[in-house]
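Structure first, commentary second.
Chains as they are written, first to last, in our numbering: chain H, 7 to 296; chain V, -4 to 148; chain Z, 4 to 795; chain L, 39 to 131.
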């Protein structure tokens, strides 16, 4: 196995071009598990921890551009106010040790449907910027991940950053685990209110081959809010609408039975999480506790 | 490949295979057996060390990634016979039984107290949630961390 | 403010560090400094690394094994199969039925087929991939009921029923006014000790071998290893290396014979260390159980009869299944006065992973069932569940259903009454709490919605030590000598310290008996006689008694010397290294001993126990320990997520030897009971383990474990040293049913299976998966699958 | 072979199948295995070896039946090793 350690983004792209399919590694929280267990032993590994560019994040024409090398811990400590949904999701990842090393770029690279950082990116319509020696391109997150552990990255491309709007309204993330810490999501739900664009972003995690945006549920609740002019009045969303939102969300899920949970349970839980996260986010929008 | 790094204040150099983890290097090449190999998956925390000041699982760090880095393991927290207050407290509180989780827990508790000198019980629990223990049921570990918080200046 | 060890009770002698004090661990400093050497840390120049090739199939015939490619690999020093087993090709705790290396047939996924020794673990792993085994895959027998049927394939020559124990007592057809029935199921729990199976075998150059190993019983290992190496026991010397927890999972052999075979074959030291995935395949687990119960009682709540049919899945090999089968039968009714009983306990062979000893040993499974039945009966009678238990609590002088008279002390009534008196945790408003104090924790699944509180009780008991005629004696050698002017006591036993604190107890007993503070507990090895197994909560009792008696013998010899020299006649004692006669110091030990050494060996045998007859009657056990628990839980009834708020417990320990160590045993045992109640299960499909990793085999974290309130009773057992009782297992027995009872109280759901999963709490029916997920397309949890290993 | 409920007597029988007999070596071993299995005490202990574990009387009876079967099946040699458990006499017999 060959180990490459580029010290700049340019060097990294050249390494990736020279060794198509070489496996990038930053936090190692996925790559190393395969290595230690003797499974996928890649020919070449490109260590990105010495590449400064992907560790930064900044504002770029009104949006946040966050390097693929930003760890979960930094997402909590540095982006807590700007991206509350992503910070909540990051807090549910593994343990302090994992969060200090694991990155959101790594989550995108592994493209696991159970990736905790993914639903908040979907709920805020994040765009993934990938680069190669041939150039860079941007792909909406919904089109970036195409199957369990599969994304559209070309063999010579690397993920450099993801771009998403700063939170303009309340955001939530909730995740089911059969233990109160260090669990892989049985299913999860990310939600973001976008009052300025008068839209609601939502995403189901770990209940389908990829994270799933429940379009019908989003559209339904956006219509309800519009009809009752609730963005301005900030009045309560009727309980029946909240329930309906939950039902539509669970209908959008495509769960399987596996060792972590049954399909029926995942469908049921997605509905409950959808209803509750919407309730909490809307209460926050209304300035009401709880 | 050659690996050069600082471990517990000493600069070390050793030959490693590319596929080895930092944990393997510490244990089998540098003779520092304090960090443990209970799961080699980042799920148990028994291999917790400092890497450039950050608490990490050594089993999930590829050896090459530690090139030129500064590593502190549990063996680096005491000076000769003088134990660190966290180590003292673990003994005093009866927080050690088989002791296989102890090194990882001591490094994690050391990290917590360096960032938050008076943690609430809930904060201690969340900070140590990545360190599994199968013998103690954690009660004495919580007592030990509270005691260490009170004695650390 | 560091708390000094408070002396809870005036110790027998003024010597500090005796019985009753929270003495610290002698191995504590190296453990907190990370310098304590565990068996996975062993290292010696020129050692090779051993690795084991394991069968991916739960049931298959082996047509042939091709090792030439592996042997040809650079860095590989040996590739061994069954042909290389020098002596007996099978081993086992009770019955020699498990192949050292499979020859004709594999009976469980993970069974050892071949061994490799290489100069680097990576080389060894790659060499395993180069061994080709021609398997004829067979249909596995995947559960105990199937194994019982006539047409099931015979997994062993004498059939699939390994053992059946019946207990018939009184007239089980006696009529009852009120009857409750129930079906209960216990999933396969794992010991999940953190230290991986590991050890180092060093050939002595004369055909013998020294093995440094993590185990619970050096001598049972030595016997089986010597048998399979075809060597006399004296040429196979075992020394205990640092043990990273055990809980029953290290009583059977794992890599002992394998490492010695590789070492003798290569004439090089060989180290073997299992990874976590291999560990799940490499040791026995707790027996899964399916149980059908029927309780009959009078309208005012007096038990009339208990009928129980217990079916245990023993897995591919016997291990200690026979004893688990018997234990379950004797404890099936619980600590209650049951006038009539018919218990059937069946132990079956299947193609699932072998099961054997785990903390609680058969009592855990039946306690879950009988305590659930008592709650069901209480509900039907409209009685308070604790009152129903108090009304039927067994007492000294009564007879257990297996005919043995209940010895004093048996404080079932006291511990139940007292656990109810322990103050309840105050109720917290659910809404607006810190996430970490809600079900689901920081995963943010509820802000108080759906949260309901539940309270549940349970009481359990078990035997301490081995039973049914097996003489698990213990041997101790005590030597008192003067070393550079100081009296020093050295304690030699082969008893395995696995973290439970036996090294402290042995030192405390020696200080109390010999009045010398400087006590050294030497490393356990097979040069001293057997100390029996570190299991069944027995070591403080049996090895403790051996140490006590050996110290008493040494003391007597000192007093003889004193009488010869000083002619003292009245009562003598030793305190702080001085001979005392009713308060007057006569002489320091140094004078009496000058440079001599006094050494005594004692082999302590507890009271004899007897096998059960065909009606399951007999004095099978020599001590019983009891514990009661109360669990307070909060359940999010919409999502089925649980937070255990508090566990209160009362336990009879006979005599507290080391207060802090006792608390550690109780809190640690409760954590394992909580794990079995809420999250721990090895999930098996068609004989294959689906979750052989800590990613999907979940044990409680610090965020899952509640605060524990405990009240200790010290009713001395007249036959035991200092009146003490075993304490290790009782906390794991009734803590599980207490938690499930609290879940039922909060949700009114049946919950007849553990571990309870969120689906069960919210009532999603358990139905088989509609279609089996295909490996690549939609299976997301790739970790923990053996097949993946073969891709490389 | 110490353990929990240790068998009072363990007998290891190895059939040295003779090639010239009517029945093939395989059949000789199978015949022995079948009759050993019927005793309820048997486990395979090697390609040609069977172990019988249990009480003194029942094991010795089974050994006799197994040896007879082996000879009838054409084998000339059956290696038999009988081992009494060290503490057997303490078994309340």
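C-beta atoms are modelled at their ideal positions from N, C-alpha and C, and glycine is treated no differently.
* According to DSSP, what are the bridge partners of residue 336 of chain Z? -> Residue 336 of chain Z sits at position 333 when you count from the first residue of the third chain. Per DSSP, none; premise fails for residue 336 of chain Z.
* Asked: Under the DSSP definition of a beta bridge, which residues are partnered with residue 74 of chain V?
  -> As a first step, residue 74 of chain V must be located in the second chain, where it is residue number 79. Looking at the DSSP assignment, residue 74 of chain V forms a beta bridge with V/77.
* Distance between residue 516 of chain Z and residue 492 of chain Z (C-alpha atoms, nearest Å) -> As a working mapping, residue 492 of chain Z is identified with position 489 in the third chain. As a working mapping, residue 516 of chain Z is identified with position 513 in the third chain. Going from the Cα of residue 492 of chain Z to the Cα of residue 516 of chain Z covers about 11 Å.
* Assign residue 47 of chain Z to one of two classes, buried (16 or more other C-beta atoms within 10 Å of its C-beta) or exposed (fewer than that). => The sequence position of residue 47 of chain Z within the third chain is 44, counting from 1. By the neighbour-count rule (16 or more Cβ atoms within 10 Å), residue 47 of chain Z is not buried but exposed.
* Distance between residue 19 of chain V and residue 370 of chain Z (C-alpha atoms, nearest Å) -> As a position in the third chain, residue 370 of chain Z is number 367, starting the count at 1. As a position in the second chain, residue 19 of chain V is number 24, starting the count at 1. The alpha-carbon separation between residue 370 of chain Z and residue 19 of chain V amounts to approximately 43 Å.
* Out of Z/659, Z/652 and Z/756, state which residue places its alpha-carbon closest to the alpha-carbon of residue 709 of chain Z. => Within the third chain, the letter at position 706 stands for residue 709 of chain Z. Here the closest residue by C-alpha is Z/652.
* **Three-state class that DSSP yields for residue 11 of chain H in the structure shown** => On the first chain, position 5 is the one that residue 11 of chain H refers to. DSSP places residue 11 of chain H in the coil class of the three-state scheme, outside both helix and strand.
* Could I get the ranges of all uninterrupted alpha helix (DSSP H) runs contained in the stretch 282 to 355 of chain Z, with 4 residues as the minimum, in chain order? => Whole alpha helix (DSSP H) segments, 4+ residues: 324 to 334.
* As assigned by DSSP and simplified to three states, the class of residue 511 of chain Z -> As a first step, residue 511 of chain Z is located in the third chain; it is residue number 508 there, counting from the start. Three-state result, residue 511 of chain Z: helix.
* Is the beta carbon of residue 49 of chain L less than 8 Å from the beta carbon of residue 105 of chain L? -> As a first step, residue 49 of chain L is located in the fourth chain; it is residue number 11 there, counting from the start. As a first step, residue 105 of chain L is located in the fourth chain; it is residue number 67 there, counting from the start. No, these two residues do not count as a Cβ contact at 8 Å.
* Asked: How would you call residue 264 of chain H, buried or exposed, if buried means at least 16 neighbouring beta carbons within 10 angstroms?
  -> Numbered from 1 along the first chain, position 258 holds the residue referred to as residue 264 of chain H. By the 10 Å Cβ count, residue 264 of chain H comes out buried.
* Under 7 Å from the C-beta of residue 100 of chain Z: neighbouring residues of chain L -> Counting from one through the third chain, the residue named residue 100 of chain Z turns up at place 97. Annotation: Cβ neighbours of residue 100 of chain Z in chain L (cutoff 7 Å, chain order): 81.
* Closest by CA to residue 494 of chain Z, which one among Z/520, Z/312, Z/471 and Z/473? -> As a first step, residue 494 of chain Z must be located in the third chain, where it is residue number 491. Among Z/520, Z/312, Z/471 and Z/473, the Cα nearest to that of residue 494 of chain Z belongs to Z/520.
* Count the other CB atoms, across all protein chains shown, that sit within 10 Å of the CB of residue 774 of chain Z; report buried if there are 16 or more and exposed otherwise. => Taking the first residue of the third chain as position 1, residue 774 of chain Z is located at position 771. With a pLDDT of only 49 at residue 774 of chain Z, under 50, the local geometry of the prediction cannot be trusted, and the value read off the model is given with reservation. Residue 774 of chain Z counts as exposed, since fewer than 16 other beta carbons sit within 10 angstroms of its beta carbon.
* **8 Å Cβ cutoff, residue 14 of chain H in contact with chain Z** => Your numbering for residue 14 of chain H matches position 8 in the first chain. Not one chain Z Cβ lies under 8 Å of residue 14 of chain H.
* Short check: CB of residue 167 of chain Z to CB of residue 348 of chain Z, under 8 Å? -> By one-based count along the third chain, residue 167 of chain Z stands at place 164. By one-based count along the third chain, residue 348 of chain Z stands at place 345. Yes, the Cβ-Cβ distance between residue 167 of chain Z and residue 348 of chain Z is below 8 Å.
* To do: Please list the partners that residue 54 of chain V has in chain H, where partner means a Cβ-to-Cβ separation under 8 Å.
  => Start at 1 with the first residue of the second chain, and residue 54 of chain V comes out as number 59. The contacting residues are 38 and 42.
* Pick out the complete beta strand (DSSP E) segments inside the stretch 44 to 90 of chain H, 3 residues or longer, and give them in chain order. => Here the runs fully enclosed are 50 to 53, 63 to 66 and 69 to 73.
* How close, in whole Å, do the beta carbons of residue 31 of chain V and residue 98 of chain V come, if the pair is a contact with beta carbons under 8 Å? -> Looking up residue 31 of chain V in the second chain gives position 36. Looking up residue 98 of chain V in the second chain gives position 103. Contact between residue 31 of chain V and residue 98 of chain V holds, since their C-beta atoms are separated by about 6 Å, short of 8 Å.
* **Contacts that residue 85 of chain L makes with chain Z (C-beta to C-beta distance below 7 Å)** => One-based indexing of the fourth chain puts residue 85 of chain L at position 47. For residue 85 of chain L, the chain Z residues whose Cβ falls inside 7 Å of its Cβ are 106 and 107, in order along the chain.
* Asked: Should the stretch 466 to 477 of chain Z be called in touch with the stretch 602 to 619 of chain Z, which here means at least 3 C-beta pairs below 8 Å?
  -> A contact between stretches requires three or more CB pairs, one per stretch, nearer than 8 Å, and the stretch 466 to 477 of chain Z meets this requirement with the stretch 602 to 619 of chain Z.
* Mind pulling the alpha helix (DSSP H) runs of 4 or more residues that sit fully within the stretch 56 to 99 of chain L? -> DSSP runs (the alpha helix (DSSP H)) wholly in the stretch 56 to 99 of chain L: 63 to 76.
* When DSSP labels each residue in this structure, what does residue 688 of chain Z get in the three-state scheme? -> As a first step, residue 688 of chain Z is located in the third chain; it is residue number 685 there, counting from the start. Note: residue 688 of chain Z maps to strand in three-state DSSP.
* Taking only beta carbons into account, state which residues of the stretch 462 to 477 of chain Z come closer than 7 Å to chain L, listed in chain order. => Listed by position along the chain: 469, 471, 472, 473 and 474.
* Asked: Does DSSP put residue 767 of chain Z in a helix, in a strand, or in coil?
  -> The sequence position of residue 767 of chain Z within the third chain is 764, counting from 1. Coil, per DSSP.
* Between the stretch 282 to 294 of chain Z and the stretch 253 to 260 of chain Z, do at least 3 Cβ pairs fall closer than 8 Å? -> Touching, per the Cβ criterion.
* Nearest to residue 304 of chain H by alpha carbon, out of H/27, H/98, H/152 and H/146? -> Because chain H here runs from 7 to 296, residue 304 of chain H falls outside it and cannot be looked at.
* Asked: Does the beta-carbon of residue 11 of chain Z have 16 or more other beta-carbons within 10 angstroms, so that it is buried, or is it exposed?
  -> For this step, residue 11 of chain Z is matched to residue 8 along the third chain. Confidence in residue 11 of chain Z is poor, its pLDDT being 38 and thus under 50, which makes the residue's placement unreliable; the coordinate value appears in the next sentence. Exposed is the label assigned to residue 11 of chain Z, since fewer than 16 other Cβ atoms lie within 10 Å of its Cβ.
* Contact list for residue 420 of chain Z against chain H, beta-carbon separation under 7 Å -> Here residue 420 of chain Z refers to the residue found at position 417 of the third chain. Annotation: residue 420 of chain Z has no Cβ neighbours in chain H at a cutoff of 7 Å; minimum Cβ distance is about 32 Å.
* Quick one: which chain V residues come within Cβ less than 8 Å of residue 44 of chain Z? -> Stepping through the third chain from its first residue, residue 44 of chain Z is reached at position 41. For residue 44 of chain Z, the chain V residues whose C-beta falls within less than 8 Å of its own C-beta are 22 and 28, listed in chain order.
* Flag this pair as yes or no: are the beta carbons of residue 442 of chain Z and residue 144 of chain Z separated by less than 8 Å? => Here residue 442 of chain Z refers to the residue found at position 439 when the third chain is read from its first residue. Here residue 144 of chain Z refers to the residue found at position 141 when the third chain is read from its first residue. Not a contact, by the Cβ cut-off of 8 Å.
* **Own chain, CB closer than 6 Å to residue 211 of chain Z, minus 5 neighbours either side, in chain order** => Walking along the third chain from the start, residue 211 of chain Z turns up at place 208. Result list for residue 211 of chain Z: 238, in chain order.
* How many Å lie between residue 208 of chain Z and residue 65 of chain Z at the Cα? -> Mapped onto the third chain, residue 208 of chain Z falls at position 205. Mapped onto the third chain, residue 65 of chain Z falls at position 62. One C-alpha to the other measures close to 34 Å.
* Residue from Z/161, Z/587, Z/311 and Z/532 whose Cα sits closest to the Cα of residue 2 of chain Z -> Since the first residue shown for chain Z is 4 and the last is 795, residue 2 of chain Z is missing from the structure and cannot be characterised.
* Could you give the DSSP three-state label for residue 202 of chain H: helix, strand or coil? => Position 196 of the first chain, counted from the first residue, corresponds to residue 202 of chain H. Looking at residue 202 of chain H - three-state DSSP - the assignment turns out to be coil, as it is neither helix nor strand.
* Asked: Tell me, which residues are paired with residue 206 of chain Z by DSSP?
  -> Translated into positions along the third chain, residue 206 of chain Z becomes position 203. Beta-bridge analysis with DSSP links residue 206 of chain Z to Z/212.
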